[in-house]
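Letter by letter, the sequence shown follows residues 970 to 1446 in this note's numbering. All C-beta atoms in this analysis are idealised placements derived from N, C-alpha and C, irrespective of residue type, glycine included. Only one structure is covered here, and it is reproduced in the block below.
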Amino acid sequence: MQQTVRQKSLPLNNEKWAKITETAEAYARQKDAFLVEYGHVKYLHYLGEKRKLRDELVSAGFVSPFGLQARQWKLALEDALYTLERQWEVAVVEVKERLYRHEELTDEEKHYAFWLLYRYEKHSRNWKRIQAVFTGEDIVSEEINLDAEGRARVRKYLKRVFRRVLGRKPRVKKARSFAVDQQMYRVFATEKRQYIAVATLTPGERVVIPLAGVHAIEGNLRVILLPDERAVEIHLTREPRTYPPGEGEAGIDLGVTEVFTDDTGRKYRPEYGEALQEMSDHILDKSRKRGKLRALRRKFLEQDPNKARRILKHNLGLIKQTKRNKKYRTRCENEINRAFNEFYKERRPKIIAYEDLAHLRGKAGSRGLSRKVSGWQRSIIKERLGYKNYIYSVTDPGPVNAAYSSQTCPVCGWVDTKNRCGDVFKCRKCNFEADADNVAALNLKLRLHDEKITRYMPYKKVKELLLQRYYQKQQAN
C-alpha cells in the first residue's frame, strides 16, 4: 500500500511549460505504443516478468521513436505494463464475482476455475494460467480431479466471461503526466524557495521548476500537468505510517444523507448529504437549461447556422461545467475522507462489517437518488475503506450480505418491509424502535460470524432463513 504526497509548483513561463509539455507528449505516445504492442494475450506472461522484457529490448538495441531518453522509455514501459496488469487484476476480480454466483458449474469445475485465477499472497500471479484460458493449453496439477473435457469447458467459460469484463484495451489519449527516476531530477533550495530540476528530451538539459512548498523528495516521481494553471504537481509515493490493530468489532451502513452510520448509532459527516443534495440540484438545473439550449441549437441549424454555432461555442461548452463538477466531487470526497478518519480514530476496531459496495451502482428508486448514488462514489468509498484498513491494521473479512439488514429486528429477528418507514425502524412484533441505519449496521455486525448467510446467498433465501430462525425462537420461548 502506497501513500501519494503531492507538491504543487508555481506557474511556469512559456519556455518551461513548452519543454514540460513536449516531454509529457513524448512519454504519452511511447507508453501508448507499448500498450498497443504488449496488450495482446501472447505477451501476458511479461506482466510477471517486467524486468525480462526490458532487458530483451535493451539487448535488441531499442531506441524510442519519440525521442525519450533510455531511462525514460524504460519507465514508460514499466508504466504501461502496470496499467495492463491493473486492468487484468480488475477483470479477475469481476470474473471471480461471477463465478461465486454461477450455479450451473459443479464444485470441481469451480475449484479448477479458482485454481486458474489464484494468486499467491507473497508471490506474483502465475500469468501463464490466465494465458492458458485463451490459448486452450491444458494446465493442470495433482490437486485437480476434473477430467480433460470438464477442464476445457471451464476454460471456455472463463474465456467468455473475460471477454465481457475486460472491455477495451487501455490507451493513452492525453498527455497528462510522465515519470522520472532519481537520476533524472535534482532538488535544491534557496532561502526563500525549493526547486526541482527535471530532465527533458534533450540530453543534459533540465527544466528548473519552482515549488510552492518544501518537502523531502526522493525516489521515483510523477510529474502531473495542470494546463489551466500552467503549473505541475510533483507526486511522490511512499509507505504510510501504520498503527497496531485495535480491539472489538464494528458495523457500518452507508448512506446518502451522511457517509455512514455505525452500530452505536452515530452518523458520520451529515455535511456529506448536504453536499450531495447541492450537487444533485445543480446537475438537474443545468441539465434542464442545457437541454433547452440544445433544442434551440437544433432549431437554428437550418435557419441560422451561425447562430447555432455561437450557441454551441458560448453556451454549451464543457470547460466551466467540468470545473464546477470537479469542485462538487472534491467536496464530497473530502467529507468521505473525514468520516473515515473520525471513525477509525475513535472506534479503533479490529474487524469491520460493511455491505457489498456493488449495490451503489446502477439505477436507484428515483432519478434524484440515482444522481446521488453514482459509480465514482462507490470507487472512492472502496478505496478509502481499503486504505484505512491497511493504516489501522484492520482485518478485512470482506463485505457481508446486506439483504434485509434494515428491515430485520435485531432483538426478536422478525423480518418485514413494514418494520421500516423512512429513517425510522419499529418492529411490528416486539415494538423495538431505533434509527433504520443504526439497525442495518447492527445486523451487518451480527452477520460477521453467521456461517449460513453467505455473501452471495440470494436475498429470497436470506429472508426464508431469517423467518425460519424467528419462528424457531418463538417456539423455543
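Could you give the first and the last residue of the continuous alpha helix (DSSP H) run that contains residue i?
i: F1312; result: I1288 to R1316
i: F1103; result: W1096 to T1104
i: I1252; result: E1240 to Q1272
i: R1067; result: A1039 to R1070
i: A1372; result: Per DSSP, A1372 belongs to no alpha helix (DSSP H) and is neither H nor E.
i: H1080; result: D1076 to L1086
Could you spell out where the beta strand (DSSP E) holding residue i opens and where it closes?
i: D1231; result: F1229 to D1231
i: T1423; result: Per DSSP, T1423 belongs to no beta strand (DSSP E) and is neither H nor E.
i: K1395; result: V1393 to K1395
i: G1220; result: E1218 to L1223
Could you name the residues of the same chain whose beta carbon sits closer than 7 Å to that of residue i, not counting the 5 residues immediately before and after it, in chain order?
i: R1438; result: G1382
i: A1277; result: R1266, F1269 and L1270
i: R1416; result: A1322, V1369, N1370 and I1422
i: P980; result: E1198, R1199 and A1200
i: R1040; result: D1150, Q1152 and M1153
i: R1120; result: Y1081, D1107 and V1109
If you reduce the DSSP assignment to three classes, tell me which class residue i lands in.
i: R1235; result: coil
i: G1355; result: helix
i: K1332; result: Confidence in K1332 is poor, its pLDDT being 45 and thus under 50, which makes the residue's placement unreliable; the coordinate value appears in the next sentence. Reduced to three states, the DSSP call for K1332 is coil.
i: V1363; result: coil
i: A1403; result: strand
i: A1410; result: helix
i: I1113; result: coil
i: V1384; result: strand
i: E1433; result: helix
i: I1349; result: helix
i: I1321; result: strand
i: R1133; result: helix
i: R1120; result: helix
i: R1438; result: helix
i: R1416; result: helix
i: R1210; result: coil
i: R1279; result: helix
i: Q1444; result: helix
Quick test of your reading: residue i and residue j, contact by CB under 8 Å. State the CB separation rounded to the nearest angstrom.
i: N1370; j: T1291; result: No, N1370 and T1291 are not in contact; Cβ-Cβ is about 38 Å, not under 8 Å.
i: G1136; j: L1413; result: No, G1136 and L1413 are not in contact; Cβ-Cβ is about 32 Å, not under 8 Å.
i: L1115; j: E1073; result: In fact, because the Cβ distance is near 15 Å, the residues do not count as touching under 8 Å.
i: E1304; j: Y1241; result: 4 Å
i: A1244; j: C1301; result: 5 Å
i: L1127; j: V1064; result: 6 Å
i: L1053; j: Y1007; result: 7 Å
i: F1035; j: R998; result: 5 Å
i: I1178; j: K985; result: 7 Å
i: K1432; j: V1384; result: 6 Å
Given residue i, which residues of its chain have a CB within under 6 Å of its CB, disregarding the five upstream and five downstream residues?
i: T1206; result: Q971 and T973
i: M1248; result: Y1297
i: N1214; result: The sequence given here has Pro at residue 1214, not Asn. Excluding sequence neighbours, P1214 sits near K1319 and S1362.
i: G1331; result: Because G1331 sits at a pLDDT of 43, beneath the cut-off of 50, its placement in the model cannot be relied upon, and the following sentence gives the value as read from the coordinates. Counting only Cβ-Cβ distances below 6 Å, and skipping sequence neighbours, we find nothing.
i: A1049; result: K1000, F1003 and L1004
i: V1183; result: Q1163
i: N1407; result: T1230 and G1234
i: N1358; result: D1365
Between residue i and the rest of its own chain, which residues show a CB-CB distance below 8 Å, the 5 nearest in sequence each way excluded?
i: N1189; result: L1044, A1148, V1149, D1150, Q1151 and T1206
i: K1442; result: C1381 and G1382
When every heavy atom of the ligand NAD is checked, does at least one fall within less than 6 Å of the C-beta of residue i?
i: D1365; result: By its list of ligands, the structure shown contains no ligand whatsoever, and the ligand NAD lies outside what it can speak to.
In the region 1143 to 1204, which residue ranges form an unbroken beta strand (DSSP E) of at least 3 residues, counting only runs that do not cross its ends? 1146 to 1149, 1154 to 1158, 1163 to 1168, 1175 to 1180 and 1190 to 1195
Whole alpha helix (DSSP H) runs in the region 973 to 1040 with 4 or more residues, listed along the chain? 983 to 1007 and 1019 to 1028
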